[in-house]
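Data first, discussion second: the structure below is written as structure tokens.
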Amino acid sequence: MSRAAKWSLTLVILLAVIAAGVALFAHESEIPTASIDPRQFPEEQVRRGQEVASASMCVVCHTAPGGAVNAGGFHMETPFGVIVSTNITPDTETGIGGWSFEAFERAMRRGVARDGTHLYPAFPYTSFTKMTDEDMRGLYAYMMSQPPVHNEPQATRLPFPFNQRVLMAGWNLLFLDRDPVAKVASESEAWNRGQYLAVALGHCSACHTPRNALGAEEGGKSYLGGGSAEGWIAPALNASSKAPIAWTGQALFEYLRTGYSDQHGAAGGSMTPVVRVGTSQIAEADTRALATYIASQMAGAAQGKSGLTTQQREAAAQAAVATTDTLGARIYANACAACHHPGPGGPDLFGTQPPLWLATSLNLEQPDNVIRYILNGTQHDAGNPRGGHMPGYAYALNDAQVTAVAQFMRASFTGQPAWNDVQDAVRRIRGEYPLALQGREQ
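Heads up: the sequence shown begins at 1 in our numbering, then just goes up one per residue.
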């Protein structure tokens, strides 16, 4: 059978399975509204639910910029279109205030709302379905005990056929794995706790695992093999990690607790709120357990594929910034070296900042994260004990200049091959900005 014929047969089978799923499971009944008195929930159960909510980072996606906590309206970019998060405060008209536990659990475990509408897996019910019953009831108690906010976010409108939510019944038939997280007897209690936090609550794989053409996470060796979130590259958290120096459990703990690691730098992009409202807010022992589990997944990564040691990288960086014979070198000397100067002997206004020659972003196969850091800055101290934040240079540098300094850092600090089509990537990313910033493309 030819390759084209195999693909055609696969597509026919796939469509048949989706059709069967739609036929069998598309119709979901509406669960009647309920009157919920938050005083019914024991204080200890609510406290447990607060821990679960922090570990699950509900607020990250259900809070719009400048909006009320969990009142919805956050716009999530997906390959299928923009999905707008819903109001999950206990408001009875625009939130989940009329949802019984039965309705809440169905949404969390099966991706079906109280009114029978199928939810998109941008809401990670594919992970939450593995939550223990005790954690599920605690989370429900906590959510129903929060202040209600009357807010009706804009409805999600995806292009056809993705706007046909009934198709999610077939998708669930194909991809929804509801098996609980199995404990591994040969691993420690902390490792098993970290596995549960990563898989069932923190849904780390939602961003850090590649997805197939239908938006489902790839399994097997692809688990935690790198993905994307809101335009950022979510680097691999398994043995394919591009980090030039190995992540240890302690380094991961510091990063997840504070948003900063001396050996790896500061959190950015979508990881910033994950740390701020998630991994820094749960019990310290849970953060350490999560770090233990993730570190085990990253064991065996081929660190430093360029063959450079940490000391060689720093020496190469020192030699590079001592020259100004290229546009990228001159821009780095004028705009970056004051904070990111490798080693002694140069201007260092704010104390040594993250060592760029050890940054994972510079070692990735695409330049997107580096470009976003240059244009956006960090706009927060990200837990850096020395304080301060990196300003964005979207106003100050044009596309050619951003390209030059990104390529300079890549060539000078990593020993990796030069990126291709960097200026095209700069233009594409700058296109997301207001028109006032897009004018810097020349």
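The C-beta atom is built at its ideal place from N, Cα and C for all residues, glycine as well.
For residue i, which beta-bridge partners are listed by DSSP?
i, result
"I233", "S228"
"H118", "V112"
"G215", "None; G215 has no bridge partner."
"G72", "T63"
Tell me whether residue i sits in a helix, a strand or coil according to DSSP, three-state version.
i, result
"Q442", "With a pLDDT of 33 at Q442, under the threshold of 50, the modelled position of that residue is not reliable, and the figure given next carries that caveat. Coil, per DSSP."
"A335", "helix"
"T323", "coil"
"Q423", "helix"
"H62", "helix"
"I83", "strand"
"T78", "strand"
"E102", "helix"
"Q195", "helix"
"D91", "coil"
"I96", "coil"
"F128", "helix"
"I36", "coil"
Between residue i and the rest of its own chain, which residues show a CB-CB distance below 6 Å, the 5 nearest in sequence each way excluded?
i, result
"A229", "C207, S270"
"D399", "Q423, V426, R427, E441"
"E152", "T94"
"V71", "Reading off the sequence, residue 71 comes out as Ala, not Val. Hits under 6 Å: N87, T89, V149, N151."
"Q154", "V84"
"V52", "D135, G138, L139"
"N376", "G392"
"A243", "T360"
"T403", "V422, Q423, V426"
"F408", "G328, A329, Y332"
"A64", "G73, F74"
For residue i, which residues in the same chain have their Cβ closer than 7 Å to its Cβ, ignoring the five residues on either side in sequence?
i, result
"A295", "W247, T248, G249, L252"
"L290", "G194, L197, A198, G202, L256, T279"
"L214", "W171"
"S29", "G116"
"A406", "P367, V370, I371, I374, V422"
"G225", "T209, P210, A236, N238, S240"
"T33", "G98"
"A234", "C207, H208, G226, G227, S228"
Does the beta-carbon of residue i have 16 or more other beta-carbons within 10 angstroms, so that it is buried, or is it exposed?
i, result
"V274", "buried"
"A169", "buried"
"E189", "exposed"
"D91", "buried"
"E105", "buried"
"D37", "exposed"
"P159", "exposed"
"N420", "exposed"
"P417", "exposed"
"Y395", "exposed"
"A333", "buried"
"G111", "buried"
"S54", "buried"
"F350", "Confidence is the limiting factor: at F350 the pLDDT is only 43, short of 50, which leaves the residue's position unreliable, though a coordinate-based value still follows. Classification for F350: exposed."
"Q164", "exposed"
"D286", "buried"
"Q40", "exposed"
"V82", "exposed"
I'd like the list of long-range same chain contacts for residue i, defined as Cβ closer than 8 Å, with 5 residues on each side in sequence excluded.
i, result
"E432", "G231"
"G219", "none"
"M76", "C61, V82, I83, V84, S85, A122, E230"
Contained alpha helix (DSSP H) runs [length at least 4] in the stretch 245 to 310, N- to C-terminal order: Fully enclosed alpha helix (DSSP H) runs of 4 or longer: 249 to 258, 271 to 274, 284 to 297.
Counting only runs that start and end within the stretch 392 to 418, where is the alpha helix (DSSP H) found for 4 or more residues in a row? The qualifying runs are 399 to 413.
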